[in-house]
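**Student:**
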Amino acid sequence: MNPLWEALTLQAGYNATLVAVGAALLGIAAGATGSFMVLRKRALVSDAMAHATLPGVGLAFMLMVALGGDGRNLVGLLTGSAVTAGIGLLGVDWLTRRTRLAEDAAIGSILSVFFGLGIVLMTIIQTMSSGRQAGLESFLLGSTAGMLLSDAITIAGGGALALGLVWLLRRPMTMVAFDAGYAQAVGVDVRRTDLAMMALVMGVTVIGLKIVGLILIVALLIIPAVTARFWTDRAEALVWIAGGVGGVAGYAGAAVSASAPDLPTGPIIVLIAAALFLVSLFFAPLRGVVAAVLRHHHFQGRVHRRQGLLSLSRAEPIHDPMTLRVLRRDGLIRADGVATDRGAAEAARAARDERRWTAARDLHQDTALIGRYDGLTAIDAVFTPDQIAAFDRHLGREGMI
Amino acid sequence: MGAEFVQLSLTPILIGILAAIACALPGNFLILRRQALIGDAISHVVLPGIVVAFLLTGAVAAVPMLIGAGLAAVVAVILIEAIKRLGRIEPGAAMGVVFTSLFAGGVLLLEQSDTSGVHLDVEHALMGNLESLIWLDANGWASLVDPLALAGLPPELGRIAVVALVISVLTWVFWRPLTLTTFDEGFARTLGLPASALGFGLVITAAVAAVAAFDAVGSIIVIAMFICPPAAARLMTDSLVRQVWWSVAFATLSAILGYVLAGYGPLWLGFADAVSAAGMVASVAGAILLLAALMGPRRARLGESRATS
Amino acid sequence: MTPADLALAAKDGTVLTPAAEAPALSIRGMTVSYAEKPAIFSVDADFAAGAMTAIVGPNGAGKSTLLKAALGVIPRLSGEVSVFGTPLETARARVAYVPQRASVDWDFPTRVIDVVLMGLYRELGLLGRVRAAHRAKAEACLARVGMSDFAARQIGQLSGGQQQRVFLARALAQEADLYLLDEPFAGVDAATEAAIIEVLKTLKDQGKSVVAVHHDLATVTRYFDRVLLLNVRKIAAGPVAQAFTPQTLAATYGGRLASAQIDQLRLGDGAGLPTGAGPEAGAGPKA
């Protein structure tokens, strides 16, 4: 049987199955958590945290060896990485609050300095007698090859735990992510929710270290969220679409990676997520590029058509080449620029609409309705026929019709 | 400080200093424009650029790789801009999508292609290898005037020297419009200044610096050189000219101190082996930033920030 | 207003406009949209040369957008712009722009005098040295806005009103013929407001043209001689006496909001509306 098919159908061995399930759970948790984080505009804070895990991994290894242990215990290494990731997060906050540096500079400096420290520790570990085969480099880009059963169980369990926490916290996190002010007003503790969110981000980062690696884990947090944004404007839908994208990428990525050598797990997962992103970027019906280009083209046409009609109604010359093109295309003017019968009729109608809007401003008290005016919205889309009739009577009295 | 120093330490230190300065100069403006993380994005995409160049030319040659990395940076910047505008996505997230995807592609290509036997691997790309840029032909300070020995200088030194010089000249020539567009882009546009082109030029300059420094310090520690010295300098003074000079001084200090501590620090502590010089340079740069954040005379924010008004 | 009144107003308007000279700023068919909602729609506007014109309208009416798009600071969907009868690109040197204070980072590492020197960019060019003459010109501009003592000060140390004066000094340094100001009185102290209006009136007396986005209806009649009422579309334009009426205000702000504000104006400092019922509540409390 085809090894890719085996891996995808969970028949490539117990370990591979656990890893695939763990990656899927992690992907769902990362996608959902990441969408809260992206909505809170803290996307790259997670990058600083991810890079800040490296010295933690090194220190934990050295500590465990010093205590006479193996040094490669995954739970120990992940605990160490969580500690320095937390310090990195505090460092970003501290630099942003206490100095004049903006958040981007704080993120960049924490990210690179902690990574540099981690590299220094890695070179020390390589010279330790027990460090030669430590395999800590696998934390950089993730590797599931030769993973111990206990590691696979840790990852699957961690992924499930993270997902459970996202489920529990979904309501307050959704509210804070979409409108922190409103959430505060209805009694959600914004600060604690933010803290919980960043703790979840940290959890996902740490669990993902072994599978995706610290350089790319941020992709699993950001790409699904951004991908989902193309498909929906609704909060809950966004979170679960992102979770779905993350889950598919995690599961398929782990399976593909297990099916052949030279297919590093982290990059494969990220590339599958990136492929889903690209498809969404171009073809999503709501906010995809193709839809947006068509809509913008249509919108620009409407603006020029309306402007052209108003110019015609005032018998003003039209210079804008695009306006002329649109009017000709729609058969509203002849090639020589003179209005056709239909053009003249439509121009008169546009001018009448404008006068009605003027009357509406004179008569109508409701600023919310008046505020719908944007030059393009037809007046009968805002006011009832009775109201419009009243505008016409008003115009008649003023002698403007 | 004798023959051994010239042979083993002089060129790495010089390369480190020049790389740090080449990155710090554009870094000053990136920080003021709230674009520090463009450095992050650019440095990550250097790897795929180099791998693609290697796959196309089939050789580990410096110039194609530099061109490949530079093109990758341009592609990344265009992609980030396109995704930001087309998808209406905030810049941080757009950067995160682009650089991770390209980086992942680079790693996959590298793993899939047969690079055994050539000096190209992921770890080297990430961590750099400053220590290896030694001057084998030197046998003392006299070699500095010996044409034969000079011919054996590591080519990375000449490359980074040219890049550092070009970037210094560019900073000087475009100082005025760059400052103006950074401070008040709207006003600059009413003067007829090509604000977008200047912004793009700055990012391309940063990309060139990142590519040239990549040899020495790898793709992630480059970020430390873009951000830490200018950020620390920002906390020292309220004058942009002085800030730039401070950043050059901090960059130089990080490079020298980092290299020396990495090479000799462990010996002083009784260990046998040196540690990663690039990692140590980043650590020293971070320590300088920490000191500036604690004690810098101008560490506090002045005036109303954009966000609060 | 009857058609006869309207015709009269238009006639008066043309009489008040300096004859035969091209408008300082002329906008034709300009539409600007954020996402897919026009912020301003098909605006035609002429800003008379040698006049002080206020752009007035409710929040979100597109006042700042109009200025920024006219100057090419933000892109426009359609429309043509000319300055003193020539395309904007050839007339850049004749235009000075004062952006909103909040549009820049005041923590930027620079001094007051350096900001004013930015106004001399076209003169200095890429590498031109800042000579004593340039410095003297910048200092003279600072003196005109009463900020001489602050030349060497860090911009982050300035109050809101002082920041606004520095921006005005930078525009003065440009020695332009047309000055476009975006909310110059927003959030400034009374002394600064008086100082700024003094400078603007002097500019007008020198024959320069001034256009300002303005939000305080109570001072329109006192400060400006022409007005453009904007709410996505141009609602009315012309000399203040004709274009700034309860009817046009109601049309701009929508019924209820305007009547509340008009009452406030009438209770105010007596500089109320020219065509109102007069200060019938003259003894009323200050609004």
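Protein chains in written order, with the numbering used here: chain A, 850 to 1250; chain B, 263 to 571; chain C, 23 to 309. The C-beta atom is built at its ideal place from N, Cα and C for all residues, glycine as well.
(1) Tell me the DSSP secondary structure of residue 181 of chain C in three-state form.
(2) Need the endpoints of the beta strand (DSSP E) that residue 88 of chain C sits in, please.
(3) What is the residue span of the alpha helix (DSSP H) that residue 417 of chain B lies within?
(4) Look up residue 102 of chain C in the DSSP assignment and give the residues it is bridged to.
(5) Quick check on DSSP: helix, strand or coil for residue 996 of chain A?
(6) So what does DSSP say about residue 235 of chain C, is it helix, strand or coil?
(7) Could you tell me which residues DSSP puts in a beta bridge with residue 922 of chain A?
(8) Look at residue 233 of chain C and residue 225 of chain C and say whether their C-beta atoms are less than 7 angstroms apart.
(9) Let me check one thing: in DSSP terms, what residues is residue 65 of chain C bridge-paired to?
(10) Taking the Cβ atom as the reference point for each residue, do residue 481 of chain B and residue 387 of chain B lie within a distance shorter than 7 angstroms?
(11) Can you tell me the Cβ-Cβ gap for residue 934 of chain A and residue 902 of chain A, rounded? I've got them flagged as a contact below 8 angstroms.
(12) For the 8 angstroms Cβ check, are there 3 or more pairs between the region 886-897 of chain A and the region 1098-1117 of chain A?
(13) Rounded to the nearest angstrom, what separates residue 1168 of chain A and residue 1154 of chain A at their Cα positions?
(14) Determine, using beta carbons only, whether residue 394 of chain B and residue 968 of chain A come nearer to each other than 7 angstroms.
(15) Between which two residues does the beta strand (DSSP E) containing residue 248 of chain C stretch?
(16) Is it right to say residue 259 of chain C is buried, meaning 16 or more other beta carbons lie within 10 angstroms of its own, or is it exposed?
(17) Using a beta-carbon distance cut-off of less than 7 angstroms, what residues from the region 126-137 of chain C approach chain B?
(18) What residues of chain A sit near residue 532 of chain B, judged by a beta carbon separation below 8 angstroms?
(19) How big is the Cα-Cα spacing for residue 1072 of chain A and residue 1108 of chain A?
(20) Spatial neighbours of residue 89 of chain C within its chain, please: C-beta separation below 7 angstroms, excluding the five flanking residues on both sides.
(21) With burial defined as no fewer than 16 other Cβ atoms inside 10 Å of the residue's Cβ, what is the status of residue 340 of chain B: buried or exposed?
(22) Run through chain D and tell me which residues come within less than 8 angstroms of residue 1136 of chain A, C-beta to C-beta.
(23) Here's the rule I'm using: 16 or more other beta-carbon atoms within 10 Å means buried, otherwise exposed. How should residue 1206 of chain A be labelled?
(24) Residue 882 of chain A lies in the alpha helix (DSSP H); which residues open and close that run?
(25) Would the region 334-352 of chain B count as touching the region 276-291 of chain B if we require 3 or more Cβ pairs under 8 angstroms?
(26) Would you please state the rounded distance, in angstroms, between the beta carbons of residue 1070 of chain A and residue 345 of chain B? I believe it to be under 8 angstroms.
(27) How about the region 267-281 of chain B and the region 456-464 of chain B: do they share at least three Cβ pairs that are nearer than 8 angstroms?
(28) So, does the region 507-523 of chain B touch the region 412-426 of chain B, judging by three or more C-beta pairs under 8 angstroms?
(29) Please list, in chain order, all residues of the same chain as residue 1237 of chain A whose beta carbon is under 8 angstroms from its beta carbon, the five residues on each side excluded.
(30) Which residues, in chain order, does the region 548-565 of chain B contribute to contact with chain C at a C-beta distance below 9 angstroms?
(31) Residues of the region 45-69 of chain C with a CB closer than 9 angstroms to any CB of chain A: list them in chain order, please.
(32) Quick one, are the C-beta atoms of residue 1011 of chain A and residue 869 of chain A less than 7 angstroms apart?
(33) List in chain order: all unbroken alpha helix (DSSP H) runs of 4+ residues lying wholly within the region 387-413 of chain B.
(34) With the cut-off set at 7 angstroms, would you say residue 221 of chain C and residue 186 of chain C are in Cβ contact?
(35) Let me check one thing: in DSSP terms, what residues is residue 60 of chain C bridge-paired to?
(36) What residues in the region 356-374 of chain B have a beta carbon less than 8 angstroms from any beta carbon of chain C?
**Tutor:** In short, the structure shows the following:
(1) Locating residue 181 of chain C in the third sequence gives position 159, counting from the first residue. If DSSP states are grouped into helix, strand and coil, residue 181 of chain C belongs with coil.
(2) Sequence index remark: in the third sequence, residue 88 of chain C carries index 66 (1-based). Element bounds for residue 88 of chain C: not the beta strand (DSSP E) but the alpha helix (DSSP H), 85-92.
(3) Residue mapping note: residue 417 of chain B aligns to position 155 of the second sequence, counting from 1. Here the alpha helix (DSSP H) through residue 417 of chain B covers 417-435.
(4) Counting from 1 along the third sequence, the entry for residue 102 of chain C is found at position 80. BP columns for residue 102 of chain C point to C/50.
(5) The residue you call residue 996 of chain A lines up with position 147 of the first sequence. It is coil, neither helix nor strand.
(6) Within the third sequence, numbered from 1, the residue matching residue 235 of chain C stands at position 213. Residue 235 of chain C falls in the strand class under three-state DSSP.
(7) For the purposes of this step, residue 922 of chain A is taken as the residue at position 73 of the first sequence. Paired residues: none, contrary to the question.
(8) In the third sequence, counting from the first residue as 1, residue 233 of chain C sits at position 211. In the third sequence, counting from the first residue as 1, residue 225 of chain C sits at position 203. Cβ atoms of residue 233 of chain C and residue 225 of chain C: not closer than 7 angstroms.
(9) The residue labelled residue 65 of chain C in the question sits at position 43 within the third sequence. Residue 65 of chain C pairs with C/52.
(10) Numbered from its first residue, the second sequence carries residue 481 of chain B at position 219. Numbered from its first residue, the second sequence carries residue 387 of chain B at position 125. Yes; because the gap between Cβ atoms is below 7 angstroms, this pair is in contact.
(11) Within the first sequence, residue 934 of chain A is the residue found at index 85, counting from 1. Within the first sequence, residue 902 of chain A is the residue found at index 53, counting from 1. With a Cβ gap of about 5 angstroms, residue 934 of chain A and residue 902 of chain A count as contacting.
(12) no
(13) Translated into positions along the first sequence, residue 1168 of chain A becomes position 319. Translated into positions along the first sequence, residue 1154 of chain A becomes position 305. About 13 angstroms.
(14) Taking the first residue of the second sequence as 1, we reach residue 394 of chain B at position 132. Taking the first residue of the first sequence as 1, we reach residue 968 of chain A at position 119. Their beta carbons are not under 7 angstroms apart, which means residue 394 of chain B does not touch residue 968 of chain A by this criterion.
(15) Residue numbering aside, residue 248 of chain C sits at position 226 when the third sequence is read from its first letter. Run containing residue 248 of chain C: 248-253, per the beta strand (DSSP E) assignment.
(16) Counting from one through the third sequence, the residue named residue 259 of chain C turns up at place 237. With 16 or more other Cβ atoms within 10 Å, it is buried.
(17) 126, 127, 128, 129, 130, 131, 132
(18) Sequence index remark: in the second sequence, residue 532 of chain B carries index 270 (1-based). By Cβ distance, chain A contributes nothing, its closest Cβ being about 13 angstroms from residue 532 of chain B, past 8 angstroms.
(19) Here residue 1072 of chain A is taken as the residue at index 223 of the first sequence, counted from 1. Here residue 1108 of chain A is taken as the residue at index 259 of the first sequence, counted from 1. Cα to Cα, the separation comes out at about 24 angstroms.
(20) Stepping through the third sequence from its first residue, residue 89 of chain C is reached at position 67. Hits under 7 angstroms: 202, 204, 235.
(21) Taking the second sequence and counting its residues from 1, the one referred to as residue 340 of chain B is at position 78. So residue 340 of chain B ends up on the exposed side.
(22) Going by chain labels, chain D is absent from the structure shown, which instead holds the protein chains A, B and C.
(23) Position 357 of the first sequence holds residue 1206 of chain A. Buried, by the Cβ-count rule.
(24) As a first step, residue 882 of chain A is located in the first sequence; it is residue number 33 there, counting from the start. Residues 863-888.
(25) no
(26) Numbered from 1 along the first sequence, position 221 holds the residue referred to as residue 1070 of chain A. Numbered from 1 along the second sequence, position 83 holds the residue referred to as residue 345 of chain B. Not really, about 16 angstroms apart at Cβ, beyond 8 angstroms.
(27) no
(28) no
(29) Numbered from 1 along the first sequence, position 388 holds the residue referred to as residue 1237 of chain A. Cβ within range, chain order: 1205, 1228, 1229.
(30) 560, 563, 564, 565
(31) 50, 51, 53, 55, 58, 59, 60, 61, 62, 63, 64, 66
(32) Taking the first residue of the first sequence as position 1, residue 1011 of chain A is located at position 162. Taking the first residue of the first sequence as position 1, residue 869 of chain A is located at position 20. Against a cut-off of 7 angstroms, the Cβ pair of residue 869 of chain A and residue 1011 of chain A comes out as no contact.
(33) 409-412
(34) Start at 1 with the first residue of the third sequence, and residue 221 of chain C comes out as number 199. Start at 1 with the first residue of the third sequence, and residue 186 of chain C comes out as number 164. Not in contact: residue 221 of chain C and residue 186 of chain C (Cβ atoms no closer than 7 angstroms).
(35) Counting from one through the third sequence, the residue named residue 60 of chain C turns up at place 38. Residue 60 of chain C pairs with C/55.
(36) none
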